[in-house]
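Residue numbers (my numbering), protein chains in the order written: chain U, 444 to 724; chain F, 4 to 168; chain W, 4 to 684; chain V, 32 to 217; chain X, 32 to 320.
Every residue, glycine too, gets a C-beta built ideally from N, C-alpha and C.
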Amino acid sequence: MIEALRKKAEELLKNKTVSVVFGYGEGSTPERTRPVFITKPEEVNKLTWNKYCVYNLTTYLKRQETRKLGKPAIVVKGCDARTLIVLMKESQIKREDVYILGVSCDGVGDPLAEKCKACDVHTPRIYDDLIGEKGENKELPFDERYAELDEYENLSEKEKWEFWQKQFEKCIKCYACSNICPLCFCDRCIVEKNQPQWIDPSAHARGNLSWNVTRAYHLAGRCINCEECQRVCPVDIPLNLLNKKLAKEAEKNFNYRPGYNIDDELAMSTYNEKDNQDFVR
Amino acid sequence: MSNETTFEPRIVAFLCNWCTYAGADLAGTGRKQYQANVRIIKLPCTGGIDPLFLIKAFERGADGILVSGCHPGDCHYNSGNYHARRRWNVFKPLLEFCGINPDRIQFSWISAAEGGKWVETINSVIDAVRVLGPFEGYQKINAIGPEGPGEGFAPSSDTTGCECK
Amino acid sequence: MGKKVGVFVCHCGTNISATVDVEKVAEEAKKKYPGVSYATTYKYMCSDPGQKLLRDKIKEEGLTGVVVAACSPKMHERTFRNAAVKTGLNPYQVEVSNIREQCSWVHQDKAVGTEKSIDLVRMMTEKTRKDTSLDAIKVPVTKRALVIGGGIAGIQAALDIADGGNEVILVEKDASIGGHMAQLSETFPTLDCSQCILTPRMVEVAQHENIKLYTWSQVESVGGYIGNFDVKIRKKARAVDLDLCTGCSSCWQVCPSKKIKSEFDTELGNRTAIYIPFPQAIPSKPVIDKEHCLLYRDARKKNIPPEDSKVCRKCYDVCPIAPVKAIDYAQEDEIVEVKVGAIVVATGYKELPNNVYGEYGKGKYQDVITGLQFERLASASGPTEGEIRRPSDGKEPEIIVFIQCVGSRDPAKGCSYCSKTCCMYTAKHAMLYKHKVHHGHAFVFYIDIRCAGKNYEEFSLRAIEEEGATYLRGRVSRIYKKGEKLIVLGADTLTGSQVEIEADMVVLASAMKAQDDAEVVARTLSIQYDKDRFFSELHPKLRPVESSNAGIFLAGACQGPKDIPETVAQASGAAAKVMALLSSDELEREPVVAKVDRLPPPVFSTCIGCFYCQRVCPYGAIEQEDIKARDGSVIKTVARVNEGLCQGCGLCAATCRSKSVELAGFSDEQVYAEINSVEFN
Amino acid sequence: MKIKINLNERSSDFAKEVEKRSGIKVKECYQCGKCTAGCPVAYEMDYMPNQIIRLVQIGARREALTSRTIWLCASCITCSTRCPKEVMIAELMDVLREMALEEGLANPSEKNITSFHESFLNSVKKHGRISEVWMLNEYKMKRPKTALQDLAVAPQMVVKGKLSFVPHNIKGKDAISRIFKKCKPK
Amino acid sequence: MKIGYYPGCAITKGATSEEYGTSVMKVSEVIGPKIEEIPDWSCCGASSAHATNHKLSTALSVRNLSLAEQHEYEEILAPCPMCSQRLIISQKDVQDDDVLKREVEDAIEMPCGTNVKVSNYLEIIKNYSMDEIKQKIKKTAKGLKVACYYGCLLVRPPKVLKFDDPEDPQSMDEIVRAIGAEPIDWEFKTNCCGGGFTLSRPDVVVKLTNDILEGAQEAGAHAIAVACPMCHANLDMRQKKIEKEYKRKYDIPIVYISELIGLALGLGAIGLGLDKHFVDTKSVVDAYT
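See below:
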């Protein structure tokens, strides 16, 4: 697979289809990989593919430094490819401005990452080239995909509150979560708006709940649960639980999974007259 | 706040201009009495209510929130309430997931003709929150800073966040 | 420099001051609220002296913001803003704090009311401190009106507007204008013939130089906004060229399909496949009913173009027009695009169909008919030429039963409202029956007789006192057939007894319902409708002909059940509104519109161009704008609000994650200030 | 009939009381009379069904509870089914019967009906199921005047095996009598 | 799925309408569905309970639902419409009213059976056995004009029972059609027969049943099909008296729908209980060929 990947990258760079390839390179130890940005055909051997390729490289599509490199080819797993679909729907990239190197993936991380446990996009749902075998994506039952939440949803109200307060207390508002998130692409995050200052940006606990709830809410119907926010959080807040909860509600109520079908309307920019309203008096 | 005095809940209600605000007016015109624990903020449409507003109200010491607008199909702007309902469908479970009691954040459809329903609804929200007690959890975490609501009303300064003028 | 806010607390006689210590409210405001440089109270702020006080103090105190604590802003916000304008203060620097409807009237305890008022005034003061001056938006006006629906409402509105010198486009979905009124026999309370009074007006429409008539047409889409609507009209293919056709009648005389149930005759009579709905139709030119026409059926079956079918071309063959015949089987739908400044919706109602009441046979008894069917029976132009005869066997009914409130006042069957016209038309039916069947007996089951209107009460009493109709107070529970007779099980609650009538015919005073496609029309026009799907007026008392969408007006039964005089009055009212609108070259609109921020380079705007705002906007008011570098290359694409289209709902602002779009008058700063000052005592 | 209204005798809250007990919204009736029009037994009644509702609406408690009508209602539910306002009239009759019994106001001229109900329930209480012969027996003892009316069919019933003289006792008949005890009206 | 059988007092062995029960059982053995009698079921309380004591009525009914759930039945067949109606209404009442639910649970000393589905006989046939009937039919009653009489309790109150059209039900007509007979369109399908007044107010019953018989006769019915023991008793046992009182000859056999199905399946008339009727059913039996 690695060979096929390198060959394809080389070909794309040589015939100038793209000017850069975003991919995974070997890291400082065998259990690590790092993002690499290959601009010269002769450097394609830096590319690798293994079970340590956990990152979602699509985040580099929003960064000025990497944008400057020109039209990219980007190595994406099935999950990452969903991000691309969201980004396209949200007018952040055009389909023709990115070359998608999909890789079929049986799960990453050691131990296996949480996001891979109920994966039903082993083969990306969108790509220009597929590296690896094309597998069948069997859709898993709803409950199975959100099983991770059960434990937390079953807590009592008080336990829930205490659990999250303990988590949010730790937050130092470093914003690593939003920096890494490929879908947090605003030029100016709401937390940076100071006229008025809706959310206190300073590094103390006040506003922590507001920040974390708002961050999660802004990903409702958008987040594809790549878990990058959680991975980079220096104080280990299980941020993806919030994202996943919202994904669950969006799917349950709107029958919508972000980045799953490119033709679906974005959940939070449309409505159905028959949407659930059991909770409305 | 001392626990010995009876707890009076603080409710902030975000109402759309065309239906519920008018419904609340109608309750007044009909001299229908209800509890005074509510402060109303009027916006053109429930579709224009950002969940940030609700979070902010909690930050400022609200014990409960009511968001209310036109019945489905009756929105002055045709679809504003439908979009709002979508948001609530994810936002309310999110807050519940974080341990906020569902009774602290409630939603209703009240038309301009439903003065009675306004009275019923707001009274029942107030009563439900009275049972829950003060939202100390939120108020505690937000009182840490210099501008905590515990220290009384903090007026906006004329130069809030503005350095360039 | 900070804003200098003045607070004016109204006593409203004692409406406010009885339960709110207004003096204390003013004192607190002055003492405690930052930015408040003046506070006072006054007996009636809305009175002339009250307004003068406001103006004087703005000038004397140099106020740059005003809070009037008084009744609901829905009452006098405009009054106070206009007063402020006279002093040169921008009207949007004036806010109203609602301490009457939402405080003094709903809380009896004065201490509680006072505390709450203090809060409410503070919140509004904080908002006012963040108010910015806004300028009204001016838009040009297209001096042409669209009237949708060619019933009596649409006809009246079109004629009034056209007589006022404006162009009118009248769109009717059927083949002829006339609507329900053309179907009626006589009209109450005068008993003059409906067609006799309607047809001259129909002719007038056809001949009016300012009216352009589109029949067999429907409004496809409406874009734009008050003064500037863009309308697409679908002219359905009628298979007859209206310019060529002279209405000579030869085609429908030769048409072999003669047994098609006539919609105009409420299915009690027949028509041909190429037909005019009724003799006085306007235009008096036929249309082909493609569902029943043999040629079109053949074409559908064989999947060939209709002009290629050879099954029956009798109408074509007989058409005397030369060299090109007026019959055109290949005709296709045509879309006409027009620009109009105002729209009158006059789409009318639909009679509740006969198949709703299981207990009345769900339509299986031929001699149980609806009110409109009775109109056709009684009409001289109807299928029986005005004779009252049973549809089943053509016999004259000797006992006839009229049942009122069928569908109306019946929440169990879906309409809780009163259809308003049935008491009168049933009295009329009973009279017409007695006029035509002298020896017959008419029984009317009613719940209440509601005949409020000029000469209405007298009319209904005449049915009882002079014409001999027997009124029984009760609803009918069941109708069933026994031999030739219909057994009607009713009650007379005034005697406390059951009533069983062996009737020959039963007439149901069926409810007036909203049109089946009312919701579709409402969505096309972006107007509100109520729970019964009637279109909503903007204010039930003071703005009865305006819809919720500015520039669109309502006339007739599409807004709720109405009789002819009321319909005509409302249509003329709508026409007057349209003419007022079209009389000026420019319109001023409230500047409560959204705005996407613009910043100096290199940012240009904090908008990142995800266009969620564009997707949620109900008015299509968000456009995409390319921000270009000097060389013409696109730096970024951001959202921009078309102020003309924006109606100020704020959906975009609430959807924008970076809060790059705000709503003027409800800006982030204003709402934030309001929430931030929510502090309870 | 004259209905007197004063503070002691009349309770205008009767409708409310009924609603509280049963959830039936008596006040919503607008007296269209459709219930009366379709009632199969109305011809026997002293008050028409709509009049019973009216009595409840205006607080004429005694008149309503002592009426024969409430006992003559056959519970066919035609009225409730066709009521435009969805007032549960047949179900209202149940409530009024219950109240009449509790207050000892049941109209004596419909004693046949009340006795039948009593006999029926006594049989259930005793055996857990109905034993028709013994139920009949009790009923005829209570209402001796009815003793002859069904004599014509009885022998044929016996011949056709339709009257069993051995009552069937269910195993849980003690549980049944406990149910009766717990559900005894106040 | 296991379907519990709740005969109720009237159609159980040795009771006035035992032939209904017998024929239901016999037919079910041929075309299904399989049904098992709920052990130790008790009386639903019938009209005497609901007319006089709501709580008692609810408790007596719900006890049987709870028993059924204890024995793990997901559905109950109650062929007597009085029973099915009482069971369904009581189930809804405890579902809607927590206070009542607690009181009932206290009385019956069991949790309320709020989940088990209660079906009447027509529903069961319609949902499970229509195809079976068509396959296993041996004789048809061609030309037999049958007036399907539903009475009150099968269709009312419609909002709670949610079964068929209360003014013009069709489910029994469909069954009659399936066995080759001819259901007639008539006007008294859901009129009341006087039901529970058979003993206490026979005069009322006689008047109401006369209307029904007259309606059927005028519409040309050869027989009236019923699915209710009370309707049957009133129309069948009282027919002689009605004829006498109204001086009119009817002689219309009143047959249970289950008997009609049984005859079509080739089952013996005697085994189905057709000999137990007061009005001779021979004409019906003979119509099958």
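Interface residues of the segment 110 to 132 of chain V facing chain W [CB-CB below 7 Å]: R113, C114, P115, K116, E117
CB contact below 8 Å: Q105/W versus chain F: yes
Complete runs of the alpha helix (DSSP H) confined to the segment 104 to 130 of chain V [at least 4 residues]: 109 to 113
Simplified DSSP state of L629/W, which is helix, strand or coil: It is Asp, not Leu, that sits at residue 629/W in the sequence shown. The answer is strand: DSSP assigns D629/W an E or B state.
Contact list for the segment 627 to 649 of chain U against chain W, Cβ threshold 8 Å: F628, C629, D630, R631, C632, I633, K636, Q638, P639, W641
Three-state secondary structure (DSSP) of K636/U: coil
Cβ-Cβ distance between G225/X and S78/X below 8 Å: no
Inter-residue Cα distance where the pair is K262/W and K342/W: The alpha-carbon separation between K262/W and K342/W amounts to approximately 42 Å.
DSSP three-state assignment for N458/U, whether helix, strand or coil: coil
Contact list for T124/F against chain U, beta-carbon separation under 7 Å: R724
Simplified DSSP assignment, three categories, for G51/F: helix
Uninterrupted alpha helix (DSSP H) stretches inside the segment 535 to 589 of chain W (no shorter than 4 residues): The qualifying runs are 567 to 585.
Buried versus exposed call for D205/V [16 or more other C-beta atoms within 10 Å across all chains shown]: exposed
Outcome for P149/F when other beta-carbon atoms lying within 10 angstroms are tallied against a minimum of 16: Confidence at P149/F is low in this model, with a pLDDT of 43, below 50, so its placement is unreliable and the value that follows should be read with caution. Around the CB of P149/F, fewer than 16 other CB atoms lie within 10 Å, so the residue is classed as exposed.
Any C-beta of chain U under 8 Å from that of H79/F: Taking Cβ atoms only, chain U never reaches closer than 8 Å to H79/F, which makes this a no.
Euclidean distance between Cα positions of D692/W and D540/U: What is shown of chain W runs 4 to 684, which leaves residue 692/W out entirely.
Same chain, Cβ closer than 8 Å to P158/F, neighbours up to 5 away in sequence not counted: Any answer about P158/F is weak, because its pLDDT of 44 lies below 50 and its placement is not dependable; what the coordinates show is given next. Result list for P158/F: empty, nothing under 8 Å.
Whole-angstrom distance between K365/W and V440/W, CA atom to CA atom: 27 Å
Below-8 Å beta-carbon distance, T476/U vs any chain W residue: no
Nearest candidate by alpha-carbon position, reference A212/X, set K278/X, F219/X, M203/X: M203/X
Residues that DSSP places opposite L511/W in a beta bridge: T373/W, I406/W
A178/X: first and last residue of the uninterrupted beta strand (DSSP E) it sits in: 176 to 179
8 Å CB neighbourhood of S462/U in its chain, flanking five on each side removed: Same-chain partners within the cutoff: L456, T482, L512, G513, K514, P515.
First through last residue of the beta strand (DSSP E) which encompasses I236/W: 231 to 238
Alpha-carbon spacing of Q617/W relative to F465/U, whole angstroms: 32 Å
Buried versus exposed call for Y37/X [16 or more other C-beta atoms within 10 Å across all chains shown]: buried
Cut-off 7 Å between Cβ atoms - residues of its own chain near I158/W, not counting five sequence neighbours on either side: I180, R204, M205, V208
Interface positions of the segment 581 to 595 of chain U facing chain F (Cβ-Cβ less than 9 Å), listed along the chain: L592, Y595
Chain F within 8 Å of G664/U, Cβ atoms only: yes
Exposure label - H438/W; buried when at least 16 CB within 10 Å: Residue environment: H438/W is assigned as exposed (fewer than 16 neighbouring CB atoms within 10 Å of its CB, all protein chains considered).
Exposure label - D549/U; buried when at least 16 CB within 10 Å: exposed
Members of the segment 601 to 619 of chain W near chain U, C-beta cut-off 7 Å: V606, T609, I611, G612, C613, F614, Y615, R618, V619
L66/W vs G9/W beta-carbon contact at 8 Å: yes
Per-residue DSSP class, three states only, for T501/U: helix
Neighbour-count burial assignment, Q210/W, 16 or more Cβ in a 10 Å radius: exposed
Amino acids of chain U, ordered along the chain, whose beta-carbon sits closer than 9 Å to that of D629/W: Against chain U, the beta carbon of D629/W has no neighbour under 9 Å; the closest one sits roughly 12 Å away.
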